[in-house]
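J.: Numbering-wise (the numbering used here), the sequence shown opens with residue 584 and increments by one. Virtual Cβ for every residue (Gly too), placed ideally from N, Cα, C. Just so we're clear, the structure is a prediction, and the values are computed from it rather than from any experiment. Below you'll find the structure I mean.
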Amino acid sequence: MLGGRRQELVGGDGAERGEGRRGAGELPGTARGPVGLLPRSPRSGPGRQRLQEALRDQGPEVVVDRPGGRVQRLGEFLVGHGTLAAGEDDPQPGRVTEGLGLRRGHRPTRRWVLGPLVTAHARLLGRCPTSRLPPTPGRWQSATSLTRPLDRCQPVVRRCVVLPVQPTRTPVATPPTDTAPQPPGGWRRRTAGLDGRYWRLWGAVASSNLGDGLVSLALPWLASLLTRDPLAIAGVALATRLPWLVFSLQAGAWSDRFDRRVLMVTANGLRALIAASVTAAVALDVATLPLLYLAAFGLGMCEVVFDNTSQALLPSLVTRDRLERANGNLMGAQMVIADFVARPIAGAIVGVSLSLPFAIDAVTAAVSAALIFSLPGSFRTPEQPAADRPSMRAQIAEGLRWLWRHRLLRTLAIALGLMNGVGAAMMATFVLFAQEILVLDGLGFGLLLATGSLGGLLGSVLAPSLTARLGSGRSLLLAVVVPILGSAAIALTSRPSVAAAAFAAYSFTAVTWNVVTVSLRQVLIPDGLLGRVNSVYRFFGWGMMPIGTLLGGGLVAWLEATVSRDIGLRAPFAAAVVVHLLLLATVSPRLTQRAIDEARAAADEAPSA
């Protein structure tokens, strides 16, 4: 039974029946009664539907390797005894994981029973007498980690199959002494299945973004104390975003060539040094605009490497079905820490000490580097032989070609570039808009940004639920429509409360867009190309930010000279309305749920790069 197709034994009234009698090769404690044979049962489709229909009125029985061979009922798992089709050169752990439809590091939501099954079967057949794999009660392990010690028992492992099943009508009865497992809710639901490695990454991102939030307010505020020229102040934002245009492709190639953990540690180590240097310059009262430009460019380079590599690293820490939740948690941390917490603090302390935000940034960057350094294992993509390894330029070109040939991701990249361009144009002189139109001081400016970021926080929390309810296509459409209203409101108002509410709505949809599109990229792009294609995507998306910053500052300066300063400071928000209307008419019709589903199906069928 080792060749051909995979078959699984399922409880229920199947089309083909057996008497359920134990044979010579059957596991001790196997459930008795009729069983049905079904061919390969995918994660979705008619095969899965037949399984669910067969299990409506009875619970699946799971064999557990316990004293006496008792049978335990579990609500969402069914164990079958069948075969996995395999070739001689197929690696055993990978075949088992692939056959189960799982990925390395999978953390199921119920007791994992593959290890006991394999152990019992191996002992019964006498092929692996020393194998002992009973899982520690209460701990969940992956198929890979459980089966790796059984390298000598590959034929045995291929006869053990675990199939996730969700009964559709009648819940499985549990013994009176047991408590039926309840689905986690609230915070537990958002954190379920995310292990310690993920939370180290989360802590590193949160720590890094605390410093980012402080510096993002302190840099333009310090520049506004040195000059009132809109173009000169926009130059600080330009220097911060310019690395996304000139350096993102190189950073992406690095993340596919080198260990991603080492890259992130190096980037934040350099960031700590740059922030410490600015701290000293401001404390000694020798800070100048050229120094701010240089520091902003250096901090931006570190941000490019850290952010691009962290997105390429994340799929190595969580399974595909948890990517949206994991990304939502990360982006929520970014919004809460960088905007909702850091910016009001920065607005309060710039009136006391201009050097303190940069000093805190140096400390948080060092903490972030230490957390990433503590991640166990290696995060280098599989290396090619030196003779076959393409050059850095060829690798970048490969990522560029891959993205450009992918219609959905190409459309998303172009749309993101246009939206980020007008967003950068709005933010280039936003500090002057807040000071002169809204009449805010440093603390008020920080609170305005924080109130707007509250919408981003809600977006990060609600994006997975919103996507599940509306679908990815409609969620992306919402992210194009709402900024039209938000930008128009800011352009027409002089009231801080209206500007804050509009900014919150704008941020809500921006983060929703990010959660959906980042998760899509991590699913659609092969792991071997993830860093490069991500960098090319961000080259289009984020590379427009320095251009938008320059155009925004130039537009304000030109209208100030020809019309009035008031009209000039409002003009970038009016430009954002026009650009989003164009996107609604041209790009949105291509971002349908059907196009997204087809892209996901093609990614599932395509071989990994």
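1. Against chain C, does THR1076 count as a neighbour if the rule is that its beta carbon must be under 8 Å from one of theirs?
2. Checking 8 Å against the spacing of the C-beta atoms, do ARG926 and LEU800 come in under that value?
3. Report all residues from its chain with a CB closer than 7 Å to the CB of ALA1185; omit the five preceding and five following residues, and keep chain order.
4. Which first and last residues belong to the alpha helix (DSSP H) in which ARG993 is found?
5. With distances taken between CB atoms, is the gap from SER1126 to LEU828 smaller than 8 Å?
6. Report the three-state DSSP secondary structure of LEU805 (helix, strand or coil).
7. DSSP on ILE1108, reduced to helix/strand/coil?
8. Between LEU536 and the rest of its own chain, which residues show a CB-CB distance below 7 Å, the 5 nearest in sequence each way excluded?
9. Just to confirm, are VAL819 and LEU802 a CB contact at a threshold of 8 Å?
10. Check for me: the alpha helix (DSSP H) holding ARG1148 runs from which residue to which?
11. Taking DSSP as the reference, what is the three-state secondary structure of ALA870?
12. Nearest-angstrom Cα distance between ASP944 and VAL950?
13. To the nearest angstrom, how far is the alpha carbon of PRO873 from that of VAL935?
14. Is MET975 buried or exposed, if buried means 16 or more other CB atoms sit within 10 Å of its CB?
15. Please classify PRO1172 as buried or exposed, where buried requires at least 16 other C-beta atoms within 10 Å of its C-beta.
16. If contact is defined by three or more beta carbon pairs under 8 Å, each pair taking one atom from either stretch, is the segment 803-822 in contact with the segment 1127-1136?
17. Could you spell out where the alpha helix (DSSP H) holding VAL1139 opens and where it closes?
18. Could you give the DSSP three-state label for THR1095: helix, strand or coil?
19. Identify which residue in GLY1056, ALA1087, ARG1057 and GLY1054 has its Cα closest to the Cα of PRO1066.
20. Relative to the alpha-carbon of LEU856, which residue among THR871, ARG843, ALA879 and ASP868 has its alpha-carbon at the smallest distance?
21. Quick one: give me the first and last residue of the alpha helix (DSSP H) that SER831 is part of.
22. Residue range of the alpha helix (DSSP H) that GLY1056 falls in?
23. Starting from the C-beta of ARG1153, find all residues in its chain whose C-beta is less than 6 Å away, skip the five residues before and the five after it, and write them out in chain order.
24. Whose CA, out of ASN912, THR871, GLY915 and VAL845, lies closest to the CA of CYS885?
25. Out of TYR1120, ARG1052, SER1080 and LEU913, which one is the CA nearest neighbour of VAL781?
26. Could you tell me which whole alpha helix (DSSP H) segments of length 4 or greater appear in the segment 1013-1057?
27. Report the residue from ALA1051, GLU1181 and ALA1082 whose alpha carbon sits nearest the alpha carbon of GLU907.
28. Could you check whether the segment 947-962 touches the segment 790-798, counting it as contact only if at least three pairs of C-beta atoms, one from each stretch, sit closer than 8 Å?
29. Please classify ASP890: is it buried, with 16 or more other beta-carbons within 10 angstroms of its beta-carbon, or exposed?
30. Return the Cβ separation of SER1070 and PHE1156 in integer angstroms, given the expectation that the two are a contact with Cβ distance under 8 Å.
31. VAL924 to VAL1146, Cα distance in whole Å?
32. Measuring CA to CA, which of THR849, ARG993 and ALA822 is closest to ALA834?
33. What separation, rounded to the nearest whole angstrom, lies between the Cα atoms of SER1118 and ARG811?
34. Less than 8 Å between the CB atoms is what I'm expecting for LEU1001 and VAL1162, so what's the real figure, rounded?
35. Could you say which of LEU784, TRP1096 and ALA980 lies nearest to THR892 if we only look at CA atoms?
36. Which value, in whole angstroms, describes the spacing of the CA atoms of ARG1148 and LEU809?
T.: The answer reads as follows:
1. Of the protein chains in this structure there is only one, and it is not chain C.
2. yes
3. none
4. 990-1011
5. The amino acid occupying residue 1126 in the given sequence is Gly; Ser does not appear at that position. Yes.
6. helix
7. coil
8. The displayed coordinates of the chain run from 584 to 1192. Any statement about residue 536 would go beyond what the structure contains.
9. yes
10. 1148-1169
11. coil
12. 10 Å
13. 24 Å
14. exposed
15. exposed
16. yes
17. 1113-1145
18. helix
19. ALA1087
20. ALA879
21. 831-840
22. 1055-1075
23. ALA1074
24. VAL845
25. Note on residue identity: the sequence assigns Tyr, not Val, to residue 781. Among TYR1120, ARG1052, SER1080 and LEU913, the Cα nearest to that of TYR781 belongs to LEU913.
26. 1025-1053
27. ALA1051
28. yes
29. buried
30. 5 Å
31. 38 Å
32. THR849
33. 35 Å
34. 6 Å
35. LEU784
36. 19 Å
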